[in-house]
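The sequence shown begins at 34 in my numbering and counts up one residue at a time.
All residues carry an ideal CB built from backbone N, CA and C; glycine is no exception.
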Amino acid sequence: MFALGFSPHLHAQSGADDRVSYRVSLNQDAFFGFYPTFSAGYKANERLDWTVYGIIWTTPSFGTGGGGALWTEFGSGVNIRTLGGKLTWNPQLGFLNGRLLSNGSYAMALEGIVPNITVNLSTDRAEGEFYLGRYTALRKGRTAGAGGSLVTVPVQNNFLHYWVNGGARFSKLVSAGLHYEQLDSSPSGTGAPRGAGVYKWFGPYVQATMGKFSVRFTAGPDVMSRPATDGTGSFYKLTTTYSFP
């Protein structure tokens, strides 16, 4: 549940084929834990790229425990440049592998899909990003039943994940702004519980950019209404990114 849209500044400036651009990001936050992401683009023309991405989710509860059957996401789409490349639109379709959506005891290949879009704004003085992704189960998970059989679980998990952020670039090195992010759950299937919010994060970020390397830290309160005993009152996110070549 992490946007992999391409920003205008990510295109390679040199090399055997300057139509190719790619980057690696290391991410960690208060809910998803640690998740490396990989993305690449191929410049078809001045306005359009073909894009691919992957996310390696390492949260144990998304898999079968003990580091096995970890949730794995990959996808592809296009990146459309407008306003001279200052505003980009990156719709993609991702595929999920694991057990989080199918909700069974065992991992499944192609258990779900995530249609998603990332919109990026990048100028000399301003920056911004919008992301929207809908994680939808395609397969029903299985678990052990009586007599050594496998039975289909009645409920599958679906999620809507979105955020928007924007800020000012004070120099080529430093920028800062505000970030809002929300994750909602909407289970489906027989006897599925009602949908509910998982978190609502709102807070400032600060980013340092040094050539092809950047690091952004975001933190603030979880503004979703929760019982006093819940204890989930704040959030934090750290993202480091390196662009190649």
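query                                                                                                                                                    : result
Would you mind stating whether Ala170 and Asn198 have Cβ atoms separated by less than 9 Å?                                                               : no
Beta-carbon within less than 7 Å of Tyr275's beta-carbon, same chain only, minus the 5 sequence neighbours each way: which residues are those?           : Arg56, Val57, Lys245 and Phe246
Please identify the residue among Gly174, Asn190, Lys270 and Gln189 whose C-alpha is closest to the C-alpha of Leu183.                                   : Gly174
Kindly indicate which residue of Phe95, Gly96, Ser94 and Ala73 has the alpha-carbon position closest to the one of Gly87.                                : Ala73
By the DSSP assignment, the beta strand (DSSP E) with Ala201 in it spans what residues?                                                                  : Phe192 to Arg202
Hey, could you find the ends of the beta strand (DSSP E) Lys205 is sitting in?                                                                           : Per DSSP, Lys205 belongs to no beta strand (DSSP E) and is neither H nor E.
Locate the beta strand (DSSP E) running through Glu162, then write down its first and last residues.                                                     : Ala159 to Ala170
Please confirm if the region 91–101 is in contact with the region 110–128, defined as three or more CB-CB distances below 8 Å between the two stretches. : no
On a Cα-Cα basis, can you pick out the residue from Leu193, Ala102 and Phe71 that is closest to Asn60?                                                   : Phe71
Give me the Cα-Cα distance between Ser47 and Asn123, rounded to the nearest whole angstrom.                                                              : Residue placement at Ser47 cannot be trusted, given a pLDDT of 45 that sits under 50; the coordinates are not used to answer.
So Leu211 packs on Gly200, CB below 8 Å; how close in whole Å?                                                                                           : 7 Å
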